[in-house]
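In the working numbering, the protein residues as written are 297 to 564. Even for Gly, the Cβ is constructed at its ideal location relative to N, Cα and C. Data block below; observations after.
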């Protein structure tokens, strides 16, 4: 069945497994009453994960993931996506518009969410290929041959990522720091160093490896992880709003290096 008949069968109704709202009565969230069907310790982060794939994460997994969010919330308006939030504040746009714009640019290929999407897919694929008999070197060579870059390795400005050490310390303390994909992430770093490509693992690789170990697909983890910068964006917006309009990163015309068409004289 396709075409108009498929559309006719879907017209005027919603077929869903994820939930529904009954105003004045109740709300259903994946088969549970949202207000009375969960135990008291159901947190917002836990609910988000459950909503995405219908699975409950273990408490230690939730603790690691929430720590990752905390340790990625840098309130520094110089950071590329935080700058958008701050500029929204200095131009007096609404908080929602500023945060939405800053979140949109967070889907950057190099620094943002697309990086983790690719890294998680790489770890899952490489783990499966090695289980089938391939060596790590063969897997990396195949990946580079087809995609050219290895997401999660290398970092501008600093070779060391300061978030890796505390994250691993917490994960080991909670007993979730030695999963197959996290182990693989460090093996890749060692292999690159031995092959003369000293690209240190960045935080994107590590958090993606945890996502794979905790059973997320690239898409599902992308959904869970996308607001990870939000707590750092909000202070940047608030601070910019509290200052005179336009005073965040103003640029003098004299500081603009223009290399376009030269000044032209127009006939009278």
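Whether residue i touches residue j by CB criterion (7 Å)
{"i": "residue 369", "j": "residue 507", "result": "no"}
{"i": "residue 459", "j": "residue 499", "result": "yes"}
{"i": "residue 502", "j": "residue 481", "result": "yes"}
{"i": "residue 509", "j": "residue 475", "result": "yes"}
{"i": "residue 419", "j": "residue 477", "result": "yes"}
{"i": "residue 487", "j": "residue 432", "result": "yes"}
{"i": "residue 326", "j": "residue 314", "result": "yes"}
{"i": "residue 544", "j": "residue 348", "result": "no"}
{"i": "residue 391", "j": "residue 532", "result": "no"}
Beta-bridge partners of residue i, as assigned by DSSP
{"i": "residue 642", "result": "Lying before the first or after the last residue shown, residue 642 is absent from the chain, which here runs from 297 to 564."}
{"i": "residue 439", "result": "BP columns for residue 439 are empty, so no partner."}
{"i": "residue 329", "result": "324"}
Element boundaries [alpha helix (DSSP H), containing residue i]
{"i": "residue 421", "result": "409–427"}
{"i": "residue 545", "result": "From DSSP, residue 545 is part of no alpha helix (DSSP H); its letter is neither H nor E."}
{"i": "residue 462", "result": "460–470"}
{"i": "residue 388", "result": "Run containing residue 388: none; DSSP gives neither H nor E here."}
{"i": "residue 365", "result": "355–366"}
{"i": "residue 557", "result": "Careful: residue 557 lies outside any alpha helix (DSSP H) and carries neither H nor E."}
{"i": "residue 372", "result": "Per DSSP, residue 372 belongs to no alpha helix (DSSP H) and is neither H nor E."}
{"i": "residue 301", "result": "300–306"}
{"i": "residue 347", "result": "340–349"}
{"i": "residue 479", "result": "476–490"}
{"i": "residue 531", "result": "526–537"}
{"i": "residue 504", "result": "499–509"}
{"i": "residue 518", "result": "514–521"}
heavy atom of the ligand MG below 6 Å from residue i C-beta
{"i": "residue 541", "result": "In terms of ligand content, the structure shown is empty, and the ligand MG therefore cannot be addressed."}
Review point. Should the segment 354–361 be called in touch with the segment 461–472, which here means at least 3 C-beta pairs below 8 Å?
Key: yes
Exercise for review: Report yes or no: do the segment 369–386 and the segment 521–537 share at least 3 C-beta pairs separated by less than 8 Å?
Suggested key: yes
**Study point:** At least 3 beta-carbon pairs within less than 8 Å: the segment 362–382 vs the segment 397–408
**Key:** yes
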